[in-house]
Structures are given as structure tokens and as C-alpha cells.
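Novice:
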Amino acid sequence: MSAPSSGGASRDGYGSALLKLASDPRVVVLEADLGKSTKSCLFRAEYPERTVSMGIAEQNMMLVSAGMASSGKIPFASTFAIFTERAFEQVRNGIARPGLVVHICGSHGGIHTGTDGSSAQSIEDLAIYRTVPNMTVMHPCDDLSAEELTLQLLNHQQPSYTRTARNKVPRVYDEMNVKKIRIGKGNIIKEGNDVAIIACGVMVNEAKIAAEKLANKGINACVVDMHTIKPLDGQLINNLAKECGCIVTVEDHSIIGGLGGSVSEYLSSNIPTPLEMVGVEDKFGESGATAELMSHMNIDSDAIVKAANRVIKRK
Amino acid sequence: MARKCRIDIVEMVHKAGAGHPGGSLSAIDLIVGLYGTGFRFKIDDPDWDDRDRFIMSKGHASPAVYSILHNLGIITKNDIDGFRTLGSVCQGHVDMKWTDGVDFSAGSLGMGLSFGLGCSIAARMDGSERNIWVMIGDGETQEGQIWEAAMAADFHQTGNLNVIIDRNRIQNDDFMEVQMEIGDIGKKFESFGWKTIEIDGHNMSEIVEAIKEATNDRNRPCAIVAHTVKGKGVSFMENNPAFHGKAPNDDELKLALEELS
Chain S
103 MSAPSSGGAS RDGYGSALLK LASDPRVVVL EADLGKSTKS CLFRAEYPER TVSMGIAEQN
163 MMLVSAGMAS SGKIPFASTF AIFTERAFEQ VRNGIARPGL VVHICGSHGG IHTGTDGSSA
223 QSIEDLAIYR TVPNMTVMHP CDDLSAEELT LQLLNHQQPS YTRTARNKVP RVYDEMNVKK
283 IRIGKGNIIK EGNDVAIIAC GVMVNEAKIA AEKLANKGIN ACVVDMHTIK PLDGQLINNL
343 AKECGCIVTV EDHSIIGGLG GSVSEYLSSN IPTPLEMVGV EDKFGESGAT AELMSHMNID
403 SDAIVKAANR VIKRK
Chain X
-18 MARKCRIDIV EMVHKAGAGH PGGSLSAIDL IVGLYGTGFR FKIDDPDWDD RDRFIMSKGH
42 ASPAVYSILH NLGIITKNDI DGFRTLGSVC QGHVDMKWTD GVDFSAGSLG MGLSFGLGCS
102 IAARMDGSER NIWVMIGDGE TQEGQIWEAA MAADFHQTGN LNVIIDRNRI QNDDFMEVQM
162 EIGDIGKKFE SFGWKTIEID GHNMSEIVEA IKEATNDRNR PCAIVAHTVK GKGVSFMENN
222 PAFHGKAPND DELKLALEEL S
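First to last, the protein sequences are chains S and X. The first sequence maps to residues 103 to 417 in the numbering used here. The second sequence maps to residues -18 to 242 in the numbering used here.
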């Protein structure tokens, strides 16, 4: 699969999707003083009358979104991933419980955010939203897939949480093949049968790099973009377990409860398979440049290669 | 109507062996007054898009809401008899997913005013004249989100949004003056840019006048601070923190029904 080398941050894809969604008059955008960061500012510039500024008040934003959804609107509400967590109970009780279709976007997720330090680095958002009934949880890997998945939310009948990232990464998709991805279906980026590397978000790119390093050592790794954490694509995981016999999960998120946790739950209940999880090891991040921080936290391509070698030995 | 609702409330809570009679009895005159004063809804079409909204944020006072819906003919006696039982449309706290005529899923305090604000912004976007009414408890104003919503309602100039504050001065554990007195709620809302009206929340003519005044003022959101008595109408429940969240026993029910008959 060829891909252009030019990069885009997934938050850019969210912003451009909102603009495309504007043709549906039901779509409204809510922001909490971070529109320039989440990229909802693109919508605000063109459609101020359908943009609702909530100030720095995330709890209020979630319930205002719920009220608008109950009145026939399709709200897209965004702030930093970490600050959506402040309103977790509002999302749980005010949005998910009554099944109101509000789409929440948490940008700047993970330690990839970098120099802002640990207070801004959400490493638990995927885990907490995954536990909430009715919620769809996604973490796209580049701008094009973030745009495509956000566009698909227009006809999605459940509330959702989508984590986007601050920093640009090389594109995994191009404008043609991105049209094939679907909410709830993982996507094989590279075929392989020695080990399956299941990644999400910015780590899909690291997984691709790791697969190249493994190939140099004669190991043929399969790389999967598991952009939807919930509902999890169990069918694909089942096939990967059978085909490869071992799995590595990779996420810029705590290894507790996120992608690794989800895959682990699925495997242990359905098809016990050796698994190694690459992610943040139950600790907070710190300030640092993105690349050095990912290396420091053991979530870069080298960490994936090591995990792959370990898990292959366990087959 | 209010008397019939009060009977429903005490019977419902007694039958369930659980629930919140105190805050239901303090709120019921206000709710009856609201539904009887131009509140736009359709009994045979509770989901009508352009209905006025009544958002019961103090969702534990669900018996008050179920009693009015029953007496209006939106839900049945059988429905309210099932209060708090498995599969019943009358859940412990009001829930829009379960009950016709309920506009909000409550149960966690502090959220309803924000929800109402969302409804009012949506109504304005739609060019609709529908009114949005939210009821909150006075203890509920201890939740910070109430003030986030109050601030935002002023900023967004939602003249179609009104809140009724059931000022009964008692919360779950004790009197507010013991737990966390909030002081002059009206002044606080006023300082957030709201029009405020203070009334006796058990005087029907004052209730009706306040609702009309709030409805007619489309320039800014309006807060009606309704001074009420917790447990109003049942002597041993009145102003008694014990009956915030306790069901009457058989003897107490008998006494209550005698007083309400």
C-alpha cells in the first residue's frame, strides 16, 4: 500500500470533516476555548451561527450538547482529551445513559502531545470511555482517516468519543484507500504472518516502522490500524490470532484498559494467544520533545520490535 | 390537582418502600402551576418536536413528575404503581428513555440547567418560540455546573430559558444551613445577568403570575426563586429532613392520606 509522505495531524482531519459536515443543517459545533487547538475553529470561521462557545466549562458543554441532541441537532463537542475527562460523569449520565447522539472529540491525546507535560497528556481516555454503555470509541492514525471517520459519524446512531493527536505524523492512508475504512472495522495496513501488530493513533506509524525493522531480520509482521477501540473488531482479531499466532498491541495510552486491554480481554475469552502490550506502563508522562519522550516511555518502534521478538518466542 | 398529585406521591413512595417524598411535596404546587399556565404539550403526542420542555433536574423528586403525568393522562395508574420496580416506566429518578412526557434523564444533580440551555439554544436556532423550563433544588445550587450554566445562559441571551428553584432549605443529610448554606440565590442569579422573581412556592396565584411574567420576558433568562416547605401538605413530613429520602410506613401513610383527603 503506497502512501504519500506528506503528513497531517489527526486534529486537522477532524476540523476539515466538520466543514464538510456543515452541509447538514443539523450539525452544530461546541467548543470550550480550545477551538484553535482542536480545529473546530475552521467550522466557527465559516458557520459562527452554528458554533456555540461554552468558555472554559467542559461539564456545561457536555450537557448543553445533550440538550441540543434531544432537540434534533447533531452536536460535535471538542476540547483536549484530558479535559473531557473532567466531565466524565456528565458524558456518562447526561449523554450516554439516555443515548443522546453527541460526538465528543478529545484532541491532544497521549504523551505525543509532548512539552506541555503530564497534566495535558491523557493516557486513560480510551479506557474510561470504553467502559460506558452505548459509547463508540475511536482513535484515528492520521488526518485523512480522522476526517473519514468523523464524516461517518453523521449517520452514526450512538454517542461517540474520538481521540485526535496534536502533532503531525506521516500519512498512513491516501485519499483513495482511506474511503475503505469503516467505523468498527480494523484495517490491515501491511500483510504478514509471523506476528500481528495491532496499533491505534499515532502509533500506527511507529508500528509500520517497526515492521520494516523486523523485515530486515526476516520477520514478516502484519500491521493493523485498529482505529475503533469500541466496538472492537473481534472477527479481525480472531483471524490475526489464527494467522500469526501471536500479537503485539501498540498505543500511546496506558496499557491498562485501552487497546491492549481490549484485545487482551477478547483473546483470553475467545482464542488464548500470546500477547505483548506496548503502551504507557502505569505511570505519568513528563515534558519533552515528542520523539525523545516516546523513546523514554518505551513506546517507539524499537519498543515494538523488542515486544515482537518476545512474543514470537512465546508461540 | 395538586391535592390529587400529593396523594399519588405518598402512595407511590409508600408502595415502593423508597423514594423522595419531601422534595416532591415541596415542588408539586410549582409543577401543577407550570403545566396549567400555557405550557405547550400534547397528551397524545408527548414527543411533539415543538413542545415546551420541562426539565426536572432534581430527578429524585420523580414522584412529583409521575403524579402530574398520571393526572394529565400521559401515564397510567398502573405505571405509577410500578414506581422503582423492575421494568417499570417509572424509574427511581426521572428518565427520558423510560417515560413518556419526561424530557431529561436526571439523577445526578447540577446537570439539568445545562441541558435546558442546550434545548433553548436549539430552539432559537430553529426559530421556535418554545419555552424551556428547568426545575432545580436549592441544595443543587451547590453544584458548580449550575453556575457554569447560569453564566453561559446570560452570555447566549437565552430569553426562552427559565428556571424554578425549589427553595425548601433542606438537602439530603440535613438543613442547608448545616450542610452548606447558599445564601441569597436570587441575588446570585441576578449577578449572573438573570431576571429573578421571588415567590411563595405554595401560593398558586403567585406561581401563575411568576410563570406568566417569566414567559413574557424574552430578553433574558429568568429565575423564579420559590420559597417552599419540604414535605408540604403532610404535617409530620413538613420541614423534616428525615423525609427527604424515606418512605412512610403503613401508619404514616394512613395519617398522610387523612390529612390530604
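Note that beta-carbon positions come from the ideal geometry of N, C-alpha and C, so glycine has one too.
Does any residue of chain S have a CB that is nearer than 8 angstroms to the CB of Lys78(X)?
Specialist: Answer yes: the Cβ-Cβ gap between Lys78(X) and chain S drops below 8 angstroms somewhere.
Novice: Using C-beta distances below 6 angstroms, list every residue in its chain close to Ala134(X), excluding the 5 sequence neighbours before and after it, in chain order.
Specialist: Cβ neighbours of Ala134(X) beyond the five flanking positions: Leu98, Leu142, Pro202.
Novice: Measuring CB to CB, does Ile36(X) end up less than 8 angstroms from Gly91(X)?
Specialist: No, Cβ-Cβ distance for Ile36(X) and Gly91(X) is not below 8 angstroms.
Novice: So if I threshold CB-CB distances at 8 angstroms, which residues from the region 292 to 310 of chain S count as touching chain X?
Specialist: Flagged: no residues at all.
Novice: Can you check whether the C-beta of Ala42(X) is within less than 8 angstroms of a C-beta belonging to chain S?
Specialist: So, not an interface residue.
Novice: Quick one: complete alpha helix (DSSP H) runs, 4+ long, within the region 335 to 409 of chain S?
Specialist: Listed in chain order, they are 336 to 346, 361 to 372, 392 to 398.
Novice: Do we get a CB-CB distance below 8 angstroms when we pair Leu256(S) with the residues of chain X?
Specialist: False, the Cβ-Cβ gap to chain X never drops below 8 angstroms.
Novice: If Leu136(S) sits next to Phe182(S), beta carbons under 8 angstroms apart, how far is it from one beta carbon to the other, in whole angstroms?
Specialist: Rounded, the Cβ-Cβ distance is 6 angstroms, consistent with contact.
Novice: What in chain S is Cβ-close to Leu98(X), meaning under 7 angstroms?
Specialist: Within 7 angstroms Cβ-Cβ: Val166, Gly169.
Novice: Contact criterion: CB-CB distance below 8 angstroms. Does Ser172(X) meet it with respect to chain S?
Specialist: Taking Cβ atoms only, chain S never reaches closer than 8 angstroms to Ser172(X), which makes this a no.
Novice: Give me the chain A residues within the contact set of Gln126(X), using Cβ-Cβ distance strictly less than 7 angstroms, ordered along the chain.
Specialist: No chain A is part of this structure, whose protein chains are labelled S and X.
Novice: Could you check what DSSP says for Val413(S) in three-state terms: helix, strand or coil?
Specialist: Three-state DSSP puts Val413(S) in a helix.
Novice: Quick check: the Cα distance between Arg229(X) and His41(X), rounded to an integer number of angstroms?
Specialist: The question names Arg, but residue 229(X) in the sequence shown is Pro. Going by the C-alpha atoms only, they are around 16 angstroms apart.
Novice: Three or more C-beta pairs under 8 angstroms: does that hold for the region 210 to 218 of chain S against the region 388 to 405 of chain S?
Specialist: Yes, since at least three Cβ pairs between the region 210 to 218 of chain S and the region 388 to 405 of chain S fall closer than 8 angstroms, the two stretches touch.
Novice: Using a Cβ-Cβ distance cut-off of 8 angstroms, determine whether Asp33(X) contacts chain S.
Specialist: No, its Cβ sits nowhere closer than 8 angstroms to a Cβ of chain S.
Novice: Could you tell me which of Cys100(X), Gly54(X), Asp147(X) sits nearest to Asp25(X), measuring between CA atoms?
Specialist: It is Gly54(X).
Novice: Give every residue of the same chain whose Cβ lies closer than 6 angstroms to the Cβ of Glu(-8)(X), excluding the five residues on either side of it in the sequence, and list them in chain order.
Specialist: None.
Novice: Per DSSP, Ile299(S) forms a beta bridge with which residues?
Specialist: Per DSSP, Val325(S), Val350(S).
Novice: What does Pro200(S) reach in chain X if we use C-beta pairs closer than 9 angstroms?
Specialist: Neighbours of Pro200(S) on chain X, chain order: Asp76, Met77, Lys78, Phe85, Ser86.
Novice: Could you please give the first and the last residue of the uninterrupted alpha helix (DSSP H) stretch that includes Ser43(X)?
Specialist: From DSSP, the alpha helix (DSSP H) with Ser43(X) extends over 43 to 53.
Novice: Would you kindly work out how many angstroms separate the C-alpha atoms of Leu132(S) and Met156(S), rounded to a whole number?
Specialist: Leu132(S) and Met156(S): Cα-Cα distance of roughly 7 angstroms.
Novice: Whose C-beta lies closer than 8 angstroms to the C-beta of Ala248(S) among residues of the same chain, with five residues either side of it excluded?
Specialist: Same-chain partners within the cutoff: Ser112, Arg113, Asp114, Gly115, Tyr116, Ala119, Pro242, Thr264, Thr266.
Novice: Taking only beta-carbon positions, decide if Ser370(S) is within less than 8 angstroms of chain X.
Specialist: For Ser370(S), the answer is no, since every Cβ of chain X falls outside 8 angstroms of its Cβ.
Novice: Can you give me the Cβ contacts of Asn52(X) inside the same chain, cut-off strictly under 8 angstroms, excluding the 5 residues immediately before and after it?
Specialist: Answer for Asn52(X): Met(-18), Lys(-15), Cys(-14), Asp(-11), listed in chain order.
Novice: Going along chain X in order, which residues have a C-beta closer than 7 angstroms to the C-beta of Met156(S)?
Specialist: Here the neighbours are Ala133.
Novice: Flag this pair as yes or no: are the beta carbons of Ile349(S) and Val365(S) separated by less than 8 angstroms?
Specialist: Yes. Within cutoff.
Novice: In three-state DSSP terms, what is His241(S)?
Specialist: Reduced to three states, the DSSP call for His241(S) is coil.
Novice: State the Cα-Cα distance for the pair Asp119(X) and Asp31(X), rounded to the nearest angstrom.
Specialist: Going by the C-alpha atoms only, they are around 29 angstroms apart.
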